[in-house]
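Let me begin by presenting the structure, written as structure tokens, before commenting on it.
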Amino acid sequence: MKKIAKYDEKALEILQAWEAGTLKPVTDMAEQAKAHRATADATFKKDQRLNIRISSKD
Numbered sequence: 052m053k054k055i056a057k058y059d060e061k062a063l064e065i066l067q068a069w070e071a072g073t074l075k076p077v078t079d080m081a082e083q084a085k086a087h088r089a090t091a092d093a094t095f096k097k098d099q100r101l102n103i104r105i106s107s108k109d
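Note that the working numbering gives residue 71 to position 20 of the sequence shown, counting from 1, and the numbers run on in steps of one.
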């Protein structure tokens, strides 16, 4: 049994461009990879603590 994938509009647009062969590689791959790594590192960085107090009724 084959699973049918469901895509949102943006993913479907990218998939169609890939299948049509209209995607082009970036010229500065190393720079792009470095920028994406920095963004990912910043996203998962735990540099602050947060205390939340909730009353027992909640």
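Backbone N, C-alpha and C define an ideal beta-carbon position, used for all residues, glycine too.
query = Where does Arg104 sit, in a helix, a strand or coil, going by DSSP?
reply = Position 53 of the sequence shown, counted from the first residue, corresponds to residue 104. Arg104 falls in the coil class under three-state DSSP.
ask   = Out of curiosity, what's the CA-to-CA distance linking His87 and Lys57?
value = Your numbering for residue 87 matches position 36 in the sequence shown. Your numbering for residue 57 matches position 6 in the sequence shown. In a straight line, the C-alpha of His87 is about 26 Å away from that of Lys57.
task = Determine the DSSP secondary structure at Gln99, reduced to helix, strand or coil.
result = One-based indexing of the sequence shown puts residue 99 at position 48. Coil at Gln99, not helix or strand.
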